[in-house]
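Chemist: Numbered by my numbering, the letters in the sequence shown go through residues 7 to 216 in order.
The structure under discussion is supplied below as structure tokens; questions concerning it will follow.
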Amino acid sequence: MDERIKIAVSSPVQVGGNIMSPEQLVAIGTLIGPEGKIEITPFRQLYAEIPAHREREIAERLREAGLEVNPSGFTTKSLIACNFCKGAEEAGLDIARQIDAAVAGIPTPAPLKVGYAGCALGTSEPLLKDIGIVKMRNTFDLYAGGDPKGIKPSFARLVLTGLTEQDLVPAVLKLIDYYKEYAKGKEKFSKFVNRVSIERLFLIVSRTIR
Ligand code: SF4
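Have a look at this one:
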């Protein structure tokens, strides 16, 4: 029997949120075929099981249909962004797309979720993500260590405030790089943040951008 793998399929970061067109859903169903399974994850990705030898072809055709394709498992997930209800410019659609392109699919010690909200109402729940970004008028606040799982969930805590658009991608990548370098085995990001401390992360990220 053919080896099967899982790929992560998602809609692009866009005004309106996590929307797929009927044509995109047909493309997914047609390419995956009747043998494949599709799992709806709680983090804005569909996990599709496909034959390993067709990975490249299927990924290319899904991208042609306007979808994003990333590895599943121990990676940074696609950006979990809000609906940009205040409009693309006001809510920061461009920078959210840049963050998504920079982080989605990076191999990490444990699965890592990055959340983005275009205003302080935070309807995408950024403080319940491993890394959270909130747009505050013309600057951004960066949070780390949120964990909604278990009976003792925790909110992400503020690492840096007043970040500019130019700071944002390097700051988020620095957090991910530091986690990859110093995590113990498969340590969850929230545990890692508690162990190394928010103060330490503040210093590490500050040095990168200032
Ligand atoms: S976080 Fe703000 S801009 Fe984004 S959908 Fe929610 S209310 Fe709208």
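Glycine residues also receive a C-beta, built at the ideal position from the N, C-alpha and C atoms.
Every value quoted in this text rests on a predicted model; they were computed, and no experiment measured them.
Determine whether the Cβ of residue 160 lies closer than 9 Å to any Cβ atom of chain D.
Modeler: Although the question refers to chain D, the structure presented lacks it and comprises just one protein chain.
Chemist: Less than 8 Å between the CB atoms is what I'm expecting for residue 152 and residue 141, so what's the real figure, rounded?
Modeler: By 1-based counting over the sequence shown, the position of residue 152 is 146. By 1-based counting over the sequence shown, the position of residue 141 is 135. That pair is no contact at about 17 Å.
Chemist: Which residue's Cα is closest to the Cα of residue 102: 92, 175, 118?
Modeler: Working through the sequence shown from its first residue, we reach residue 102 at position 96. Ranking the options by Cα distance to residue 102, first place goes to 175.
Chemist: By how many angstroms is the C-alpha of residue 56 removed from the C-alpha of residue 144?
Modeler: What you label residue 144 is simply residue 138 of the sequence shown in a count that begins at 1. What you label residue 56 is simply residue 50 of the sequence shown in a count that begins at 1. For residue 144 and residue 56, the distance between alpha carbons rounds to 43 Å.
Chemist: Could you tell me if the beta carbon of residue 79 falls within a distance shorter than 8 Å of some heavy atom in the ligand SF4?
Modeler: On the sequence shown, residue 79 is found 73 positions in, with the first residue counted as 1. For the ligand SF4, not one heavy atom lies less than 8 Å from the Cβ of residue 79.
Chemist: Would you report the Cα separation of residue 48 and residue 16, rounded to the nearest angstrom?
Modeler: Here residue 48 is taken as the residue at index 42 of the sequence shown, counted from 1. Here residue 16 is taken as the residue at index 10 of the sequence shown, counted from 1. Answer to the nearest angstrom: the Cα atoms are 12 Å apart.
Chemist: Using the Cα positions of residue 117 and residue 196, report the straight-line distance between them to the nearest angstrom.
Modeler: As a first step, residue 117 is located in the sequence shown; it is residue number 111 there, counting from the start. As a first step, residue 196 is located in the sequence shown; it is residue number 190 there, counting from the start. Cα-Cα distance, rounded: 11 Å.
Chemist: Would you decide whether residue 68 is buried or exposed? Buried here means 16 or more other CB atoms lie within 10 Å of its CB.
Modeler: One-based indexing of the sequence shown puts residue 68 at position 62. It is buried - the Cβ of residue 68 has at least 16 other Cβ atoms within 10 Å.
Chemist: Helix, strand or coil, according to DSSP, for residue 168 in the structure here?
Modeler: Stepping through the sequence shown from its first residue, residue 168 is reached at position 162. DSSP places residue 168 in strand when its eight states are reduced to three.
Chemist: Assuming residue 89 is part of the beta strand (DSSP E), what are its boundary residues?
Modeler: The sequence position of residue 89 within the sequence shown is 83, counting from 1. No beta strand (DSSP E) contains residue 89, which DSSP labels as neither H nor E.
Chemist: In chain order, what residues have a CB nearer than 5 Å to some heavy atom of the ligand SF4?
Modeler: In chain order, the qualifying residues are 88, 89, 91, 92, 97, 123, 124, 125, 127, 129.
Chemist: Note down the Cα distance separating residue 200 from residue 193, rounded to an integer number of angstroms.
Modeler: Residue mapping note: residue 200 aligns to position 194 of the sequence shown, counting from 1. Residue mapping note: residue 193 aligns to position 187 of the sequence shown, counting from 1. So the alpha carbons of these two residues sit roughly 11 Å apart.
Chemist: Is the stretch 166-173 close to the stretch 120-130, with three or more CB pairs under 8 Å?
Modeler: Not touching, per the Cβ criterion.
Chemist: How many whole angstroms separate the CB atoms of residue 80 and residue 113, which I take to be in contact at a CB cut-off of 8 Å?
Modeler: What you label residue 80 is simply residue 74 of the sequence shown in a count that begins at 1. What you label residue 113 is simply residue 107 of the sequence shown in a count that begins at 1. Indeed, because the Cβ distance is near 6 Å, the residues count as touching under 8 Å.
Chemist: Can you give me the C-alpha to C-alpha distance between residue 62 and residue 205, rounded to a whole angstrom?
Modeler: Your numbering for residue 62 matches position 56 in the sequence shown. Your numbering for residue 205 matches position 199 in the sequence shown. Roughly 43 Å between the two C-alpha positions.
Chemist: Rounded to whole angstroms, what's the CA-CA distance from residue 183 to residue 33? Just pull it up for me.
Modeler: As a working mapping, residue 183 is identified with position 177 in the sequence shown. As a working mapping, residue 33 is identified with position 27 in the sequence shown. About 35 Å.
Chemist: What are the boundary residues of the beta strand (DSSP E) that residue 145 is part of?
Modeler: Sequence index remark: in the sequence shown, residue 145 carries index 139 (1-based). That run of the beta strand (DSSP E) goes 145-150.
Chemist: Roughly how many whole angstroms lie between the Cα atoms of residue 107 and residue 53?
Modeler: By 1-based counting over the sequence shown, the position of residue 107 is 101. By 1-based counting over the sequence shown, the position of residue 53 is 47. If you take the alpha carbons of residue 107 and residue 53, they lie about 19 Å apart.
Chemist: Would you identify the three-state DSSP class for residue 35, choosing helix, strand or coil?
Modeler: Taking the first residue of the sequence shown as 1, we reach residue 35 at position 29. Reduced to three states, the DSSP call for residue 35 is helix.
Chemist: Could you name the residues of the same chain whose beta carbon sits closer than 7 Å to that of residue 46, not counting the 5 residues immediately before and after it, in chain order?
Modeler: Mapped onto the sequence shown, residue 46 falls at position 40. The answer, listed in chain order, is 52.
Chemist: Determine the direct distance from the alpha carbon of residue 214 to that of residue 122, and round the result to whole angstroms.
Modeler: The sequence position of residue 122 within the sequence shown is 116, counting from 1. The sequence position of residue 214 within the sequence shown is 208, counting from 1. Their backbone Cα atoms lie some 21 Å apart in a straight line.
Chemist: Is the beta carbon of residue 162 sitting closer than 9 Å to the one on residue 150?
Modeler: On the sequence shown, position 156 is the one that residue 162 refers to. On the sequence shown, position 144 is the one that residue 150 refers to. Contact flag set, yes.
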